[in-house]
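First the structure, in the form of structure tokens, and then the observations on it.
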Amino acid sequence: MFSSVSGFHFHPEPRHVPGEPHQPGRSAPSVFLSIHAPGVDALSGNADASAGPRLPADYVSKPSGKLYPDLVHPGIQIDDRGQRFIHDGANAYAVRFDRDNQTERVFQPDNPAKPGIPVRLNGAGEYERHRDVGLKGGSPGREIQSAYNVAKGSLERCRREVDDAKVVLESIENEIRRSPDFNADAQTRLQAANQVLRRREADLRGAEDYVEGVRQQARQLRQRTQDELTRMQARRQDGVRSEAATQLEINLLQVTPFQSGVSVTEVQGNLRRRQDDLRRVQDANAALDRNIDQLNRDLADVPYL
1107 MFSSVSGFHF HPEPRHVPGE PHQPGRSAPS VFLSIHAPGV DALSGNADAS
1157 AGPRLPADYV SKPSGKLYPD LVHPGIQIDD RGQRFIHDGA NAYAVRFDRD
1207 NQTERVFQPD NPAKPGIPVR LNGAGEYERH RDVGLKGGSP GREIQSAYNV
1257 AKGSLERCRR EVDDAKVVLE SIENEIRRSP DFNADAQTRL QAANQVLRRR
1307 EADLRGAEDY VEGVRQQARQ LRQRTQDELT RMQARRQDGV RSEAATQLEI
1357 NLLQVTPFQS GVSVTEVQGN LRRRQDDLRR VQDANAALDR NIDQLNRDLA
1407 DVPYL
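Per my numbering, the very first residue in the sequence shown carries number 1107; after that it's consecutive.
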């Protein structure tokens, strides 16, 4: 299983974003994701979680640069290029959201047309393989919008609490000014009100940074989705050229016996091989078309915050 990270601190560049609102001063846990106790391995089905790899070795990916916690999705990390990862304690695995089946999938960035392995966050806060597809959910862009709405609500609440604390403090100060004698009780309440105001202001700063962190997450998501879409479209253009070239070779092979007297058996063998090549190219192009369609829809979901 892949452990998740919850209650984390997000670290956008170059500023530091502290913990969630009303949680100032919490220390950030490591972004390293470790495997929990042995038992039945949810990723492989083995009786011992330590026996063998959790996912095929050819799905292991290497992050680019540092890894940072995903602000919106517990258990997911983002590298310097914006690629999303989960980690099993030894290896990192690139993941992307499958809109059609509403699930995260471990995939191969160098071979994006290859089907990914569906994974999900379970009740124990760990990622596991699963076969349930078509479940309710939302795209990363919609989830960021939801997180932003919650963060904005927290920000507005913090602002109101700061205003309320200032009103209380001002009231006590006025009381002290009106009193001709030293008022020990009022001084005690004044000190307490100042402490409350400082806490509320710290909460407000945390809420402001949290909102900015979600905004940055949206910008990063839009950029990496656009970059991935551009790469996919370039691969699709290569696929168009490859399909056209293969089809031309097939056309030439079909007339070769009538032009050069080459053995019909040899030509038919070559023709079958090239037809097989054409089907593989067409299948790869169809997979790219599906990926491009999903990326276009994902991009449309990313909010401008």
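Each residue gets a CB set at the ideal place from its N, CA and C atoms; glycine is no exception.
- Look at residue 1266 here: in three-state DSSP terms it is helix.
- In chain order, 1275, 1278, 1279 and 1282 place their CB closer than 8 Å to the CB of residue 1296, counting only its own chain and leaving out the 5 sequence neighbours on each side.
- Residue 1247 and residue 1408 have their alpha carbons spaced roughly 4 Å apart.
- Counting other Cβ atoms within 10 Å of its Cβ, residue 1202 reaches 16 or more and is therefore classed as buried.
- When the Cα atoms are used, residue 1371 and residue 1378 turn out to be separated by approximately 11 Å.
- From the listed residues 1217, 1210, 1354 and 1218, the smallest Cα separation to residue 1226 is found for 1210.
- Counting only unbroken stretches of 3 or more residues, no beta strand (DSSP E) element lies wholly within the region 1312-1357.
- Under DSSP, the beta-bridge partners assigned to residue 1183 are 1175 and 1191.
- Listed in chain order, the non-local C-beta contacts of residue 1321 below 7 Å within the same chain comprise 1411, local neighbours out to five positions each way being set aside.
- Collapsing the DSSP output to three states places residue 1198 in a strand.
- Taking a 10 Å sphere around the C-beta of residue 1288, we find fewer than 16 other C-beta atoms and assign the residue as exposed.
- For residue 1342 and residue 1212, the gap between their C-alpha atoms comes out near 22 Å.
- About 7 Å separates the Cβ atoms of residue 1215 and residue 1189, confirming a contact at the 8 Å cut-off.
- Per the Cβ contact rule, the region 1347-1356 is not in contact with the region 1293-1313 (fewer than 3 Cβ pairs under 8 Å).
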